[in-house]
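For reference, the structure discussed in these notes is given below.
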Amino acid sequence: MDEEAVTEIFQIKNRPFFDPLIVHIADKKEAEKYASYFPKKAKKLANIFWPGPLTLVLPKSETIPDLVTSGLPFVGLRVPNHPLTLQLLKQLPFPLAAPSANPFGYVSPTTAKHVEEQLGDKVSYILDGGPCEVGLESTIVMFENDENPVILRLGGLSIEAIENCIGKVALNIASHSKPNSPGQLDKHYATRTPLKLVSEVDINTIGKSKTGAIVFYKPFDFLPLEDQKVLSSGKSTEEAAHNLFAAMRELDNLNFDLIITETFPSKGLGPAINDRLNRARG
Ligand code: AMP
Ligand code: MG
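Sequence positions in the sequence shown follow our numbering and run 72 to 353.
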C-alpha cells in the first residue's frame, strides 16, 4: 500500500515497472478486500490450493495502488504456504507486494543464501525460512469472468490439478520480448552461461567446450558424471522442480562454456520445468 516502499522493490531488483507484483495475503478472506470480483471458479481454486503455489489474477479493488499492478485493472493475489511467511502476513495490517528476491531476469532464488549472494548488499534483512519446498514460482490463473480462466504462467501447481478442480483452462504463456505480463518474457530465469537443449548442439563438438548438464533422471553418457546435475533419479517432476533452480545456479558458478539440458515429460510439473528451461535459453 506504500508506493515508496513498492518503488524500492523495483529499484532493488532492477525490475521494469511494466512487470506487476504479486500481492501476498494471509488468507482467502483478505482476497475479498483486494479483488473487486471473486468468481466462483476462482474461489474453488482458492479453497483447495491456498495456501500454496497458486496466484489468482482478479479484477482489482481501488485500494491496490496502480504501481503494484503496472497500471492493469487486475491484481495478482496469493496465499503462500510457509509458516514463517504466514505468521508475518498475519501480523501485518496490510498485504505484501512480494516478488522473488533476485535481480530481474536471473534464475529465481530457492534459499536465503541465494538471496544474500545477489541482493545481500541491497536489503537490510533476509528472513530465512529454509529452502523452498516447491522450488518453482506460483502458477498464475487469470479470471476476467467465471467462464474463461486462463493460465498466464506455468508453475508449482500442475495444469492437471487445476483442471481436476475447475475443468478446462486456456493457456496463454506465449513468449514475447515486450509482454503484458513478464512471466511471459522470452528471455527470463536465465543463467549467465549459455544454456541449450541437447538436440540443438552437435554432440561431437561438445568435447571442445567445457560443458555441464542438467538432466531429469539419466546422465548423458558423453559427459563426466561430476559435470551433471540429475534432478530426480526417481523420475519425479516435483522433485526435479524442487532441484531445478539450485542446479542451474550451481552449474552457472562453475565456469562452463555451455550448459546442456533435455526436454522434460509433459505431465505434472514437467511443462513448468520446460517453460523455465526454454526461457533460460532465450
Ligand atoms: P514474480 O515473477 O513471481 O514476481 O511474479 C510476478 C508475475 O506475476 C508477473 O511477471 C506477471 O506475470 C504476474 N502478475 C502479477 N500481477 C499481475 C497482474 N495484475 N496481471 C497479470 N499478471 C500479473
Ligand atoms: Mg521472479
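The beta-carbon is built from N, C-alpha and C at its ideal position, and this holds for glycine as well.
Distance between residue j and residue i (C-alpha atoms, nearest Å)
| i | j | result |
| --- | --- | --- |
| residue 353 | residue 332 | 14 Å |
| residue 274 | residue 157 | 48 Å |
| residue 161 | residue 97 | 6 Å |
| residue 307 | residue 339 | 9 Å |
| residue 265 | residue 323 | 9 Å |
| residue 289 | residue 297 | 13 Å |
| residue 269 | residue 329 | 11 Å |
| residue 131 | residue 145 | 5 Å |
| residue 94 | residue 281 | 42 Å |
| residue 209 | residue 83 | 21 Å |
| residue 285 | residue 267 | 10 Å |
| residue 116 | residue 235 | 10 Å |
| residue 111 | residue 271 | 44 Å |
| residue 184 | residue 172 | 11 Å |
| residue 163 | residue 76 | 15 Å |
| residue 291 | residue 277 | 12 Å |
| residue 261 | residue 107 | 35 Å |
| residue 205 | residue 119 | 17 Å |
| residue 155 | residue 194 | 19 Å |
| residue 73 | residue 213 | 25 Å |
| residue 303 | residue 232 | 21 Å |
| residue 343 | residue 182 | 20 Å |
| residue 245 | residue 316 | 21 Å |
| residue 105 | residue 129 | 9 Å |
| residue 85 | residue 143 | 20 Å |
Beta-carbon separation (whole angstroms), residue i vs residue j, contact threshold 8 Å
| i | j | result |
| --- | --- | --- |
| residue 147 | residue 87 | With a Cβ gap of about 16 Å, residue 147 and residue 87 do not count as contacting. |
| residue 101 | residue 170 | Incorrect: roughly 19 Å between the Cβ atoms, too far for contact. |
| residue 347 | residue 258 | About 12 Å separates the two Cβ atoms, so there is no contact after all. |
| residue 242 | residue 227 | About 16 Å; that fails the 8 Å criterion. |
Per DSSP, cross-strand counterpart(s) of residue i
| i | result |
| --- | --- |
| residue 106 | 131 |
| residue 213 | 128, 221 |
Kindly confirm or deny that the segment 190-207 and the segment 319-338 touch, where touching means at least three C-beta pairs closer than 8 Å. Here the segment 190-207 does not lie against the segment 319-338, with fewer than 3 beta-carbon pairs under 8 Å apart.
Residue ranges of each alpha helix (DSSP H) within the segment 155-200, 4 or longer: Listed in chain order, the complete alpha helix (DSSP H) runs (minimum 4 residues) inside the segment 155-200 are 183-190.
Could you pull out every unbroken alpha helix (DSSP H) segment of at least 4 residues lying fully inside the segment 249-326, listed in chain order? Fully enclosed alpha helix (DSSP H) runs of 4 or longer: 274-277, 308-323.
With contact counted as at least three CB pairs below 8 Å, one residue from each stretch, are the segment 111-126 and the segment 134-143 in contact? Counting Cβ pairs under 8 Å, fewer than three are found: no touch.
Counting pairs of beta carbons, one from the segment 311-321 and one from the segment 174-188, are three or more of them closer than 8 Å? With a cut-off of 8 Å on Cβ pairs, the segment 311-321 is in contact with the segment 174-188, counting three or more such pairs.
How about the segment 217-228 and the segment 168-187: do they share at least three Cβ pairs that are nearer than 8 Å? No, the segment 217-228 does not touch the segment 168-187.
Can you list every residue whose CB sits closer than 7 Å to some heavy atom of the ligand ZN, going in chain order? For the ligand ZN, the structure offers nothing, since it holds only the ligand AMP and the ligand MG.
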